[in-house]
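What follows is a short report on a single structure.
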Amino acid sequence: MKNAFIKMENVNVILIDWSLGARVPYYVAAAVNSELVGAQGANLYYTIKDKLGIMEKDLHVIGFSLGAHVAGFFGKRMQQIRGTRPGRITDPASPLFEDYGGEVHLYKDDADFVDVIHTNADLLIYGGVGIAVPVGHVDYFPNGGKRQPGCGSTLKGALLDIFKGERERACNHERAVHLFTDTILNPDSCQYIGYPCSNYSDFELGKCLSCDASSCGQMGYRPKGSGVYYLMTKPKEPFCADVGKLHVRYPSAIKKSFGSMILTLFGANGDKENITLSQKDEKLSPGAEKLLALPINDVFKPLSKVTALYLKYNGWFTKGAETFGLASVTITSSNGDYIFKTCEDIILKDNEYQELKQTTGTC
Numbered sequence: 001m002k003n004a005f006i007k008m009e010n011v012n013v014i015l016i017d018w019s020l021g022a023r024v025p026y027y028v029a030a031a032v033n034s035e036l037v038g039a040q041g042a043n044l045y046y047t048i049k050d051k052l053g054i055m056e057k058d059l060h061v062i063g064f065s066l067g068a069h070v071a072g073f074f075g076k077r078m079q080q081i082r083g084t085r086p087g088r089i090t091d092p093a094s095p096l097f098e099d100y101g102g103e104v105h106l107y108k109d110d111a112d113f114v115d116v117i118h119t120n121a122d123l124l125i126y127g128g129v130g131i132a133v134p135v136g137h138v139d140y141f142p143n144g145g146k147r148q149p150g151c152g153s154t155l156k157g158a159l160l161d162i163f164k165g166e167r168e169r170a171c172n173h174e175r176a177v178h179l180f181t182d183t184i185l186n187p188d189s190c191q192y193i194g195y196p197c198s199n200y201s202d203f204e205l206g207k208c209l210s211c212d213a214s215s216c217g218q219m220g221y222r223p224k225g226s227g228v229y230y231l232m233t234k235p236k237e238p239f240c241a242d243v244g245k246l247h248v249r250y251p252s253a254i255k256k257s258f259g260s261m262i263l264t265l266f267g268a269n270g271d272k273e274n275i276t277l278s279q280k281d282e283k284l285s286p287g288a289e290k291l292l293a294l295p296i297n298d299v300f301k302p303l304s305k306v307t308a309l310y311l312k313y314n315g316w317f318t319k320g321a322e323t324f325g326l327a328s329v330t331i332t333s334s335n336g337d338y339i340f341k342t343c344e345d346i347i348l349k350d351n352e353y354q355e356l357k358q359t360t361g362t363c
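Here's what the structure looks like:
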C-alpha cells in the first residue's frame, strides 16, 4: 500500500513498526499496547506539524487489524493534546474491542472522516477477526463482510494473521488491504460501487440494486457516501466487479416440486461458476421467479455456454417430481445490458445437465 501511494500520489508516507508490541500469542497485551502506540503516533505528528506546518485535514491515518485501533487512539490522543483530529482514518478489527464503547476502539469521532472496510467480521470460532458493527461515517461490507470469495476461514489462520500477516492464512482478514490498495492503483479502470441495503441477505436477493450517483457509495481511497453499503467482488485479482442481476422464472404450466436447481456458467477462457438457485429440499413453485445479485467476474467475458441441473429431493415425507423446468433465464449488467438471455420453456429431468440456448429476440 505504501508503494501504491508513492507511485500514484505526491505524498509523504510514515510507517509505524510496532511488531514487538503485537507479538503472538499475547493478544491481550497487543490490544493494550495499541493505545500506547496510538498516543506516540499523535505526539510524533505534532512534532512534525510544529516544524513543517502540516494541517490536520491533510493527515490520513490508515490501520489494518489492530493497527486500526492504533489509528483510533491516534485520533483520541490528538484531541486530548490540542483538541484537533486527523482529516481521515481508514479500517478496523474486533477481538477484545467490539463489545465496548468508542472510547476503546476506532470510532467516527476519532477523525473528521472515518471509513471502514469489513472483510472478516464472522464469529471468532469461524476464523473471524474483524469488527461486525458499523463504526465509521461510512462502512463497507464486501461480500457481506464475513468471508471473502476465494478464501478459507480457519480459526488458526485468522489468529495468526493478526500478528504475522501470513497471506495464505490471512486471506479474509487481509483482503481489506488488497481492496483498498487496488482503489489507489486503479482509480479509473473499475469502481467499487456500494449499495445501501437493510442487510446482505436482501442484497444477495437483488432487492437493493437500484441506486444512482446520490444514493450509491464508492469504497476505497476516493470514497463516496455515508452509512452502510454492500458490494460484491471477484475471488481473485483484479477484485473489482460490476454487480449484475440474475433473473429466473419457472414455467406456470408445470407441477410443483422439491429439489435443487443449479446453473453452471462457462467462460470462453475455461473458467466456470456454479450458481445454486434452490437448496435440495426447497419448494419449487410453478410461475415463481427468483432474482439474485451476481458479481460479473471473468467467467462472463464472454460466456461460452450455460447449463441447468435439476436434482429432485428424496426425503422421508417429501419427494420431488421427476422433472421440473425453466421458462426464462436472464443475466444483465448493472447498466441493464444483457449478458445472457434465454426465453424458451425447457423441461429438466432429474440429475441431467441441459444446455440453455441463447435467445436473440425479446422475451
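In UniProt numbering, the protein residues as written are 1 to 363.
No residue lacks a Cβ here, since even glycine has one placed at the ideal position from N, Cα and C.
Between the alpha carbons of residue i and residue j, how many angstroms are there, rounded?
| i | j | result |
| --- | --- | --- |
| Leu311 | Arg222 | 46 angstroms |
| Lys283 | Ile184 | 46 angstroms |
| Thr330 | Ile339 | 8 angstroms |
| Leu15 | Lys57 | 19 angstroms |
| Thr90 | Met219 | 11 angstroms |
| Lys290 | Arg88 | 41 angstroms |
| His60 | Lys146 | 26 angstroms |
| Ala213 | Gly225 | 9 angstroms |
| Gly206 | Leu292 | 5 angstroms |
| Leu179 | Pro134 | 18 angstroms |
| Ile48 | Met55 | 10 angstroms |
| Phe203 | Gly53 | 46 angstroms |
| Ala327 | Ser278 | 16 angstroms |
| Asp242 | Gly72 | 32 angstroms |
| Trp18 | Pro86 | 20 angstroms |
| Ala111 | Glu237 | 31 angstroms |
| Val138 | Gly144 | 15 angstroms |
| Tyr140 | Lys301 | 27 angstroms |
| Gly187 | Lys245 | Note that residue 187 is Pro in the sequence shown here, rather than Gly. Taking the straight line joining both Cα atoms gives about 24 angstroms. |
| Gly287 | Tyr229 | 32 angstroms |
| Cys343 | Ile275 | 19 angstroms |
| Thr119 | Asn335 | 26 angstroms |
| Ser285 | Lys255 | 8 angstroms |
| Thr359 | Ser215 | 34 angstroms |
| Gly136 | Phe113 | 8 angstroms |
| Gly101 | Lys2 | In this prediction, Gly101 scores a pLDDT of 49, lower than 50, which makes its location untrustworthy; the coordinate-derived value is nonetheless stated afterwards. Distance between the alpha carbons of Gly101 and Lys2: 31 angstroms. |
| Cys171 | Cys151 | 5 angstroms |
Could you check if residue i belongs to the surroundings of the ligand MN, using beta carbon to heavy atom distance under 7 angstroms?
| i | result |
| --- | --- |
| Gln80 | Of the ligands one can find in the structure shown there are none, so the ligand MN has no counterpart to examine. |
On the DSSP bridge list, what partners appear for residue i?
| i | result |
| --- | --- |
| Arg88 | His60 and Phe113 |
| Ile296 | Asp242 |
| Ala308 | Leu263 and Gln354 |
| residue 389 | Past the edges of the chain, shown from 1 to 363, lies residue 389, and the structure says nothing about it. |
| Pro289 | Position check: residue 289 holds Glu in this sequence, whereas Pro was assumed. In the DSSP output, where bridge partners are listed per residue, Glu289 has Arg249. |
| residue 441 | Residue 441 lies beyond the stretch modelled for the chain, which goes from 1 to 363, so this question has no answer here. |
| Phe340 | Ile331 |
| Leu284 | Ser257 |
| Leu303 | Gly267 |
Helix, strand or coil: which one does DSSP assign to residue i?
| i | result |
| --- | --- |
| Thr323 | strand |
| residue 371 | Look at the range of the chain in this structure, 1 to 363, and you will see that residue 371 is not part of it. |
| Ser65 | coil |
| Ser278 | strand |
| Arg169 | The pLDDT assigned to Arg169 is 47, lower than 50, so where the model puts this residue is not dependable; a value taken from the coordinates is nonetheless given after this. Three-state DSSP puts Arg169 in coil, outside helix and strand. |
| Tyr313 | coil |
| Leu36 | helix |
| Leu96 | In this prediction, Leu96 scores a pLDDT of 45, lower than 50, which makes its location untrustworthy; no coordinate-derived value is stated. |
| Ile346 | strand |
| Leu15 | coil |
| Thr318 | coil |
| Ala132 | coil |
| Met1 | coil |
| Lys146 | coil |
| Ala22 | coil |
| Ala121 | coil |
| Gly183 | Strictly speaking, residue 183 in this sequence is Thr, with Gly absent from that position. It is helical. |
Next on the checklist: Quick check: the stretch 2-19 against the stretch 193-211, are at least 3 beta-carbon pairs closer than 8 angstroms?
Outcome noted: no
Checklist entry - Curious, which full-length beta strand (DSSP E) runs of at least 3 residues does the stretch 202-273 contain? => result DSSP runs (the beta strand (DSSP E)) wholly in the stretch 202-273: 217-219, 227-231, 242-249 and 257-267.
Checklist entry - Is the stretch 27-34 touching the stretch 59-73 in the sense that three or more CB pairs, one from each, lie closer than 8 angstroms? => result Yes, the stretch 59-73 is in contact with the stretch 27-34.
Item to check | the stretch 310-327 / the stretch 346-357 touching (three or more Cβ pairs under 8 angstroms) | outcome: The answer is yes - the stretch 346-357 touches the stretch 310-327, with three or more Cβ pairs under 8 angstroms.
Checklist entry - Is there contact here, the stretch 300-308 with the stretch 261-276, by at least three beta-carbon pairs under 8 angstroms? => result yes
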